[in-house]
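> There's a structure below that I have some questions on.
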């Protein structure tokens with residue numbers, strides 16, 4: 512397993528706009544501030560920027576690479592949306608925020624690494640004409656998501672309303688719901704717990720807005736079909752597949768290789784046999800695979 516990476520080189524923030532006004536987007540930065548290549552790492556639905564510490568620390572050691580890991584609005588250190596605007600926890604808002612972040616960074620072209628929700632944001636961006644996305648790493652997500660996986664996620668997303676007496680209790684909870692991430696060291700589970708919770712007078716609470724679950728629950732759960740988006744993408748893609756995943760099915764992977772960018776030979780698949788949804792991207796094998804793919808597609 513990769514050793515603890517230490518802390519990001521810098522923390523930053525920018526303002527974005529939503530239906531209830533402005534909100535602050537926070538991010539952490541690794542590598543060189545003035546770099547020729549910018550890589551964005553975008554996390555999953557209830558996760559945060561610090562999930563990428565091991566990967567970003569490794570990529571940030573490469574000369575002229577800058578790694579930016581944002582907290583999507585409502586998560587981590589970013590602002591929560593106003594209670595009157597929770598319907599804006601949706602992909603149009605996330606795409607607008609992403610474009611705002613890229614403008615703030617003065618990054619015309621970027622590589623995008625996205626886990627689950629973060630990968631879908633990258634897919635949407637990559638499908639637009641004039642996209643800034645040059646290369647795309649999708650961590651266990653694709654253009655078809657079965658409703659059973661969404662139902663599983665919905666069952667735990669409401670846990671943001673509960674409190675925990677200690678950071679040890681947070682860690683125990685995370686070990687249960689994120690067991691599909693694969694094998695993590697004790698230090699990595701503790702790191703996740705520390706950055707997944709906030710301490711309050713009543714104990715620890717999870718570091719995402721409970722209204723994200725409210726917004727998700729307000730829509731009818733059904734299969735997600737984004738094949739029309741997939742077929743508009745024309746950049747190289749590394750698709751990471753947790754073989755035990757209930758969200759990215761093996762059948763979907765095969766179809767991704769046969770359609771759109773897959774049919775053009777632009778998709779390479781990395782299978783992670785010990786993981787489900789989604790591989791944690793914290794061990795040397797996964798980190799080296801991503802790094803080598805980015806280097807060869809330079």
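Numbering (our numbering), first residue to last: 512 to 809. We put the CB at the ideal spot given by N, CA and C, even for glycine.
Starting from residue 697 and walking both ways along the alpha helix (DSSP H), at which residues does that stretch end?
Indexing the chain shown from 1 puts residue 697 at position 186. 697 to 706 is the span of the alpha helix (DSSP H), which, as asked, contains residue 697.
> Rounded to whole angstroms, what is the Cα-Cα separation between residue 799 and residue 596?
Counting from one through the chain shown, the residue named residue 799 turns up at place 288. Counting from one through the chain shown, the residue named residue 596 turns up at place 85. Computed Cα separation, rounded: 41 Å.
> Where does residue 747 fall in DSSP's three states?
Along the chain shown, one-based indexing puts residue 747 at 236. Correct three-state label for residue 747: coil.
> What is the rounded straight-line gap between the Cα of residue 780 and the Cα of residue 802?
Working through the chain shown from its first residue, we reach residue 780 at position 269. Working through the chain shown from its first residue, we reach residue 802 at position 291. Taking the straight line from one Cα to the other gives about 14 Å.
> Nearest chain B C-beta to residue 798 closer than 7 Å, yes or no?
In the displayed structure, chain B is absent; only one protein chain is listed.
> Give the single residue among 744, 554, 579 whose Cα lies nearest to the Cα of residue 520.
By one-based count along the chain shown, residue 520 stands at place 9. Among 744, 554, 579, the Cα nearest to that of residue 520 is on 579.
> Can you tell me whether DSSP reads residue 531 as helix, strand or coil?
The count along the chain shown starts at 1 and reaches residue 531 at position 20. Three-state result, residue 531: coil.
> Please work out which residues of its chain come closer than 7 Å, Cβ to Cβ, to residue 555, disregarding the five sequence neighbours upstream and downstream, and give them in chain order.
As a position in the chain shown, residue 555 is number 44, starting the count at 1. If we look at residue 555 and ignore the five residues flanking it on each side, its Cβ neighbours are 626, 627, 628, 629, 789.
> Using a threshold of 7 Å, state whether the C-beta atoms of residue 523 and residue 720 are closer than that.
Position 12 of the chain shown, counted from the start, is the residue given in the question as residue 523. Position 209 of the chain shown, counted from the start, is the residue given in the question as residue 720. No.
> Assuming residue 779 is part of the alpha helix (DSSP H), what are its boundary residues?
Taking the first residue of the chain shown as position 1, residue 779 is located at position 268. No alpha helix (DSSP H) holds residue 779; the beta strand (DSSP E) holding it covers 778 to 783.
> For residue 756 and residue 527, I'd like the C-alpha separation in whole angstroms.
Start at 1 with the first residue of the chain shown, and residue 756 comes out as number 245. Start at 1 with the first residue of the chain shown, and residue 527 comes out as number 16. Looking at the two C-alpha atoms, the distance is approximately 34 Å.
> Quick one: what does DSSP say residue 512 is sitting in, helix, strand or coil?
Against the chain shown, residue 512 aligns to sequence position 1. For residue 512, the predicted structure reports a pLDDT of 48, less than 50, and the residue's modelled location is therefore unreliable. A value from the coordinates is still provided. In this structure, residue 512 counts as coil in the three-state DSSP scheme.
> How would you write the range of the alpha helix (DSSP H) that residue 715 sits in, first residue to last?
Taking the first residue of the chain shown as 1, we reach residue 715 at position 204. First-last for residue 715: 714 to 717, but that is the beta strand (DSSP E), not the alpha helix (DSSP H).
> Do residue 599 and residue 592 have their beta-carbon atoms positioned less than 7 Å apart in this structure?
Taking the chain shown and counting its residues from 1, the one referred to as residue 592 is at position 81. Taking the chain shown and counting its residues from 1, the one referred to as residue 599 is at position 88. Cβ distance < 7 Å, so residue 592 and residue 599 count as in contact.
> So for residue 588, helix, strand or coil by DSSP?
If you number the chain shown from 1, residue 588 lands on position 77. Note: residue 588 maps to coil in three-state DSSP.
> If distances are taken between C-alpha atoms only, which option among 806, 749, 807 comes closest to residue 651?
Locating residue 651 in the chain shown gives position 140, counting from the first residue. Comparing Cα-Cα distances from residue 651 to each of 806, 749, 807, the minimum goes to 749.
> Distance, Cα to Cα, residue 766 vs residue 636?
Counting from 1 along the chain shown, the entry for residue 766 is found at position 255. Counting from 1 along the chain shown, the entry for residue 636 is found at position 125. Their Cα atoms are separated by approximately 21 Å.
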